[in-house]
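Going by the working numbering, the sequence shown opens with residue 30, and the numbers climb by one from there. Just so you know, even glycine gets a beta-carbon here, dropped at the ideal spot from N, CA and C. Predicted model, so just to flag it, every value in this text is computed and none were measured. Take a look at the structure set out below.
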Amino acid sequence: MAAIVTPTNLTERHPELGAGPLPSDPYWCDAFHQQELEAIFRRTWMYAGRVEEIPEPGDFFVKNVPTFEMSLLFVRQKDGTIRGFHNVCQHRGNQVELASKGNCRRFRCRFHGWAYGLDGRLLGVPDVEGFPELDRESKGLSEISVATWEGFIFFHLQRKPEWPLDEFLGQQAQDLVGYPFGDGLNYFQFEGEIQCNWTSMIDSFCETYHVPHLHHKSITHTLAGPDNPFGRLIDVRLKGPHRTMSVGGNGRYTPKPVQALAFRHSAGPSVTSGGGGSQETLPKGLNETRAPNWAIDVTAFFPNLIIVISAGMYFTHQMWPIGAHRTVWQMRGYLRSAITAAERFAQENSIVELRDAVLEDANTLERVHRAMRQGLVPEVIFHDHELGLRHHYHTVVDWVEKYCSSEQTGRS
Ligand code: FES
Ligand SMILES: [Fe+2]
């Protein structure tokens with residue numbers, strides 16, 4: 030087994046980001062958060078779901094966006110395209126579709142029975158003679174911008190986004206083209222509200238400095254071992270506002286008995302199984318240095334989507350701020366269909382291992398946030414291998430500063 034090689038100068042590669050401590054305000058300041066909403070969350074593409082969830086015309090799913098308390102409706106059209114709408118009846122504002130997913134020919138509001146087509150047009154109004162001035166054409170569902178990349182459905186709250194999706198996702202997305210995302214036909218999901226700032230939660234998935242300590246009862250030994258006692262990363266690549274962290278596995282890990290059974294039957298190497306898997310078939314952007322001990326890549330798409338990818342499975346995290354002090358975390362893992370009961374068992378094992386590790390992160394972040402909010406941590410300090418956190422920090426602050434100064438210029 031070759032000893033793991035970890036770079037020692039990640040921060041030096043990016044002198045533009047500096048190397049020193051930074052003010053902690055973006056992690057807890059209410060006024061800053063209000064600016065983030067306008068400067069970032071209303072101006073960027075957000076992930077909603079996968080195309081496999083709605084394969085047939087009339088298939089739909091509803092996506093809740095906690096940051097804006099919005100419910101969005103994504104619908105497969107008769108021509109095969111996907112469109113998205115605010116899930117809001119134009120009569121008096123009731124939520125039109127209450128189910129989280131399904132198939133239908135039209136959407137009917139349960140308040141007074143107004144009906145909308147798959148394309149959002151207002152089709153039916155009970156006792157329509159009672160609305161002599163109703164302009165049906167203008168009372169369809171309010172449409173949002175939708176685009177897809179490799180089967181991931183994204184939405185944008187602006188009717189005319191400042192950047193097309195491909196341009197916004199940039200190099201990082203191009204480098205992942207070809208990964209079999211579409212094979213993950215089954216999914217599991219967790220959702221929870223964490224009393225912390227959204228950036229803290231993004232941070233916790235972009236560094237592995239904490240892995241040997243925080244996760245010592247769960248995943249420490251699959252990721253960090255004698256060859257890599259501090260849980261250093263294999264690599265960090267910054268690509269515009271996005272970034273990829275490559276994480277090594279501990280090839281010397283000896284699984285516990287039940288775990289060993291699960292690993293033996295998993296359809297591909299799981300995130301917690303200490304790496305492995307064929308690397309020839311990986312797209313360029315995964316394990317870009319082609320390290321032999323590679324386990325997973327954490328691909329963070331600005332602002333709030335993280336796709337964690339291994340050779341055998343992938344899962345997404347989304348962090349939705351509700352103010353500066355609360356975050357709704359949505360996690361969804363995508364799995365290939367299990368052929369045997371043993372494979373299904375292996376998948377279940379991965380699911381609970383991942384859940385336990387994430388709960389360890391969440392629990393800690395609530396304590397961290399209390400201290401930040403009390404002003405007891407005036408500066409944040411980043412390790413060389415926490416370059417991804419420094420990058421996210423600067424990206425957020427840059428977006429806010431540029432937006433605020435352009436707003437000021439526009440007003441003056
Ligand atoms: S609010 Fe939907 S029909 Fe009245
Ligand atoms: Fe963690």
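Ser100 beta carbon near ligand 2 (any heavy atom closer than 7 Å) | Position 71 of the sequence shown, counting from 1, holds the residue named residue 100. Checking every heavy atom of ligand 2 against the Cβ of Ser100, none is found closer than 7 Å.
In this structure, what does DSSP give as the bridge partners for Ile176?
-> By one-based count along the sequence shown, residue 176 stands at place 147. Per the sequence shown, the amino acid found at residue 176 is Ala instead of Ile. Under DSSP, Ala176 forms a beta bridge with Phe183.
Alpha helix (DSSP H) containing Val157: first to last residue?
-> Counting from one through the sequence shown, the residue named residue 157 turns up at place 128. Counting along the chain, Val157 falls outside any alpha helix (DSSP H), and DSSP gives it neither H nor E.
CB-CB length for Cys225 against His398, believed under 8 Å = On the sequence shown, residue 225 is found 196 positions in, with the first residue counted as 1. On the sequence shown, residue 398 is found 369 positions in, with the first residue counted as 1. Between His398 and Cys225 the Cβ distance is about 4 Å, and since that is below 8 Å, they are a contact.
Three or more C-beta pairs closer than 8 Å, one from the segment 241-255 and one from the segment 74-89: is that the case here?
-> Inter-segment contact for the segment 241-255 and the segment 74-89 is absent: fewer than three beta-carbon pairs are separated by less than 8 Å.
Verify whether the separation of the beta carbon atoms of Thr182 and Phe114 is less than 8 Å.
-> The count along the sequence shown starts at 1 and reaches residue 182 at position 153. The count along the sequence shown starts at 1 and reaches residue 114 at position 85. The sequence shown places Ile at residue 182, not Thr. Going by C-beta atoms, Ile182 is not nearer than 8 Å to Phe114.
What residue does the beta strand (DSSP E) around Met348 start on, and which one ends it?
-> On the sequence shown, residue 348 is found 319 positions in, with the first residue counted as 1. Start and end: 343-350.
Got a sec: does ligand 2 put a non-hydrogen atom nearer than 7 Å to the Cβ of Ala391?
-> Sequence index remark: in the sequence shown, residue 391 carries index 362 (1-based). No, since every heavy atom of ligand 2 falls outside the 7 Å radius drawn around the Cβ of Ala391.
What residue range is occupied by the uninterrupted beta strand (DSSP E) comprising Leu243?
-> As a working note, residue 243 is residue 214 in the sequence shown. The continuous stretches of beta strand (DSSP E) do not include Leu243, which lies in the alpha helix (DSSP H) extending over residues 240-243.
Indicate the three-state DSSP secondary structure (helix, strand or coil) for Ile443 in the structure shown.
-> No answer is possible for residue 443: it lies beyond the span of the chain, which begins at 30 and ends at 441.
Helix, strand or coil for Tyr282, going by three-state DSSP, please let me know.
-> Translated into the one-based positions of the sequence shown, residue 282 becomes position 253. Looking at Tyr282 - three-state DSSP - the assignment turns out to be coil, as it is neither helix nor strand.
Where does Ala202 sit, in a helix, a strand or coil, going by DSSP?
-> On the sequence shown, residue 202 is found 173 positions in, with the first residue counted as 1. The answer is helix: DSSP assigns Ala202 an H, G or I state.
Given Leu147 as reference, the closest of Arg79, Gly47, Ala128, Thr110 once Cα atoms are compared | As a first step, residue 147 is located in the sequence shown; it is residue number 118 there, counting from the start. It is Thr110.
Residues with a Cβ closer than 5 Å to any heavy atom of ligand 1, in chain order?
-> Working through the chain, the matches are Cys118, His120, Arg121, Asn123, Cys138, Phe140, His141, Trp143.
Over the uninterrupted alpha helix (DSSP H) stretch that includes Trp227, give me the two end residues.
-> The residue labelled residue 227 in the question sits at position 198 within the sequence shown. Residues 227-235.
Between the C-alpha atoms of Trp428 and Gln106, what's the straight-line distance to the nearest angstrom?
-> Working through the sequence shown from its first residue, we reach residue 428 at position 399. Working through the sequence shown from its first residue, we reach residue 106 at position 77. Going from the Cα of Trp428 to the Cα of Gln106 covers about 35 Å.
Look up Trp323 in the DSSP assignment and say whether it is helix, strand or coil.
-> As a position in the sequence shown, residue 323 is number 294, starting the count at 1. For Trp323, the three-state secondary structure derived from DSSP is strand.
Would you give the residue range spanned by the alpha helix (DSSP H) that Phe61 belongs to?
-> By 1-based counting over the sequence shown, the position of residue 61 is 32. That run of the alpha helix (DSSP H) goes 59-65.
What separation, rounded to the nearest whole angstrom, lies between the Cα atoms of Ile442 and Val240?
-> Nothing in the structure corresponds to residue 442, since the chain is present only between 30 and 441.
Quick one: using the 10 Å Cβ neighbour count with 16 as the cut-off for buried, is Ile69 buried or exposed?
-> Working through the sequence shown from its first residue, we reach residue 69 at position 40. By the 10 Å Cβ count, Ile69 comes out buried.
Under 8 Å, do Leu39 and Asp413 count as touching if we go by C-beta distance?
-> Here residue 39 corresponds to residue number 10 of the sequence shown, with the count starting at 1. Here residue 413 corresponds to residue number 384 of the sequence shown, with the count starting at 1. Contact flag set, yes.
Per DSSP, Arg105 is paired with what?
-> Working through the sequence shown from its first residue, we reach residue 105 at position 76. Paired residues: Ile111.
Cβ of Leu388 within 7 Å of any heavy atom in ligand 2?
-> Indexing the sequence shown from 1 puts residue 388 at position 359. Because no heavy atom of ligand 2 lies under 7 Å away, the Cβ of Leu388 does not count as near it: no.
When burial is assigned at 16 or more other CB atoms within 10 Å of the CB, is Arg396 buried or exposed?
-> Along the sequence shown, read from residue 1 onward, the residue named residue 396 stands at position 367. Counting Cβ neighbours within 10 Å, Arg396 comes out exposed, since fewer than 16 surround it.
Between His423 and Arg319, what straight-line distance do the alpha-carbon atoms span, to the nearest angstrom?
-> Mapped onto the sequence shown, residue 423 falls at position 394. Mapped onto the sequence shown, residue 319 falls at position 290. Distance between the alpha carbons of His423 and Arg319 is about 28 Å.
Opening and closing residue of the beta strand (DSSP E) in which Leu252 lies = The count along the sequence shown starts at 1 and reaches residue 252 at position 223. No beta strand (DSSP E) contains Leu252, which is instead part of the alpha helix (DSSP H) from 249-252.
Provide the residue span of the beta strand (DSSP E) that contains Tyr363, from first to last.
-> Your numbering for residue 363 matches position 334 in the sequence shown. Bounds of the beta strand (DSSP E) holding Tyr363 are 356-364.
Look at the alpha carbon of Thr37 and the alpha carbon of Gly169, and state the distance between them as a whole number of angstroms.
-> Stepping through the sequence shown from its first residue, residue 37 is reached at position 8. Stepping through the sequence shown from its first residue, residue 169 is reached at position 140. The alpha-carbon atoms of Thr37 and Gly169 are separated by roughly 57 Å.
Cβ neighbour criterion (16 or more within 10 Å) applied to Asn392 | In the sequence shown, residue 392 corresponds to position 363, counting from 1. Classification of Asn392: exposed, given that the 10 Å Cβ count is below 16.
Among Tyr238, Arg419, Phe374, which one has its Cα closest to the Cα of Leu51?
-> Along the sequence shown, one-based indexing puts residue 51 at 22. When only C-alpha atoms are compared, the closest one is Arg419.
Excluding sequence positions up to five away, which residues of its chain have a Cβ less than 6 Å from the Cβ of Gln201?
-> Within the sequence shown, the letter at position 172 stands for residue 201. Cβ-Cβ distances below 6 Å link Gln201 to Lys268, His271 in the same chain, with the five nearest sequence neighbours on each side left out; the list follows chain order.
Beta-carbon spacing of Thr73, Phe234 below 8 Å | Start at 1 with the first residue of the sequence shown, and residue 73 comes out as number 44. Start at 1 with the first residue of the sequence shown, and residue 234 comes out as number 205. Taking 8 Å as the cut-off, the beta carbon of Thr73 is found no closer than this to the beta carbon of Phe234.
Could you say which of Trp57, Pro258, Phe140, Pro44 lies nearest to Thr356 if we only look at CA atoms?
-> As a first step, residue 356 is located in the sequence shown; it is residue number 327 there, counting from the start. Closest option to Thr356, Cα to Cα, is Trp57.
Measure the C-alpha to C-alpha separation of Ala77 and Asn93 and round it to an integer number of angstroms.
-> Within the sequence shown, residue 77 is the residue found at index 48, counting from 1. Within the sequence shown, residue 93 is the residue found at index 64, counting from 1. Spanning the alpha carbons of Ala77 and Asn93 requires a straight line of approximately 9 Å.
Could you check the C-alpha separation between Gly142 and Gly122 for me, to the nearest Å?
-> Reading the sequence shown from its first residue, position 113 is the one you call residue 142. Reading the sequence shown from its first residue, position 93 is the one you call residue 122. In this model, Gly142 and Gly122 are separated by some 12 Å (Cα to Cα).
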